[in-house]
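This note's numbering runs 109 ahead of the 1-based position in the sequence shown. Don't be surprised by glycine CBs; every beta carbon is placed ideally from N, CA and C.
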Amino acid sequence: MNKCCTAISVLLASGFTSFCYAQSDSVVFEFSPISSEKYQALVQNKVQYAQPKLVEIKDSKSAYAMLGKRINVTQESVENADWIRETLNIYNTKGESIYQLEDFETCGFEAFYPQEQLLSFVCGHESDWLVSTLTGEEIEENPQDRETSPDGRHRISGYYNGQESRAFLQSYDEGQWRTPEVTIRLSPTVELKPEQEPYRQEWLFALMGEKHWLSNDRWIFYSHSYDQYFDMRMVNTQHD
């Protein structure tokens, strides 16, 4: 998945986290379908570790108070209608407008992530809508979907666009989260039956359900697309 780099110069003294969603080197995965029984056994026996703490503000009033004059919502009456049109406005620290979202009345507040300065909303068709309050850039990655590897160098995250849910790999490199190009291939130890169709790469990362890292280069997950559990292994990365 292509992502624009949000190259942000951040004042560390302000408590913000530098982040970037840029293209990285390619990563190759080999995967194997596994049974439900094996999946559950792997989950029960996996090494326990804490996920990175995610600071999120779930109350909209508290979030807007933290942003102060950098955010407001304007309202406009609609002729011959019984509803009010709303527009979300975000400003930088100089008071300059950096983002506007019209039809904001269709959105609901989800969370504010102060460390990354991200606002999250649920908008039409229950779609994820996230925007950086530093740059005004829309971010196609939902922090609530993150599952980070034990060493903190990789994470599986996701985003719902109102039509389909997508998961993707991100790697932490040189102080930035990057989205590598991913190639997926069937493990050479697995033979498909003649009547089986090959697994499609795009669907393995679509409608991804529960997921768990077993090590820094291996993770398992449930695919709603195939109603099947899978075991994934990285076979090469830029860190090898």
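In DSSP terms, what H263 is bridged to: S280
For I199, count neighbouring C-beta atoms within 10 Å of its own C-beta (all shown protein chains included) and say buried if the count is 16 or more, exposed if not. buried
How many Å lie between Y331 and E306 at the Cα? 18 Å
Is the beta carbon of T244 sitting closer than 8 Å to the one on C232? The Cβ atoms of T244 and C232 do not sit closer than 8 Å to each other.
Any idea what DSSP makes of L295, helix, strand or coil? strand
Suppose only complete runs of 4+ residues qualify. What are the alpha helix (DSSP H) ranges in the segment 156–210, listed by chain order? 169–176
Test item: CB-CB of V136 and L278 under 8 Å: Contact: yes.
Residue closest to K147, alpha-carbon to alpha-carbon, out of N345, V344 and D340: Among N345, V344 and D340, the Cα nearest to that of K147 belongs to D340.
Beta-carbon spacing of Y269, S236 below 8 Å: Remark: C-beta atoms of Y269 and S236 approach each other more closely than 8 Å.
Among the residues of its own chain, which have a CB less than 6 Å from the CB of G318, if the five just before and after it don't count? Y331 and H333
Does the segment 156–173 come close enough to the segment 217–226 to have 3 or more Cβ pairs within less than 8 Å? yes
Here's a check: name, in chain order, each residue in its chain whose Cβ is nearer than 8 Å to the Cβ of T183, leaving out the five neighbours to either side. E195, T196 and N198
What's the gap between the Cα of F125 and the Cα of E188? Because F125 carries a pLDDT of 37, less than 50, the predicted location of this residue cannot be relied on, and the following value inherits that uncertainty. Approximately 43 Å, taken between the alpha carbons.
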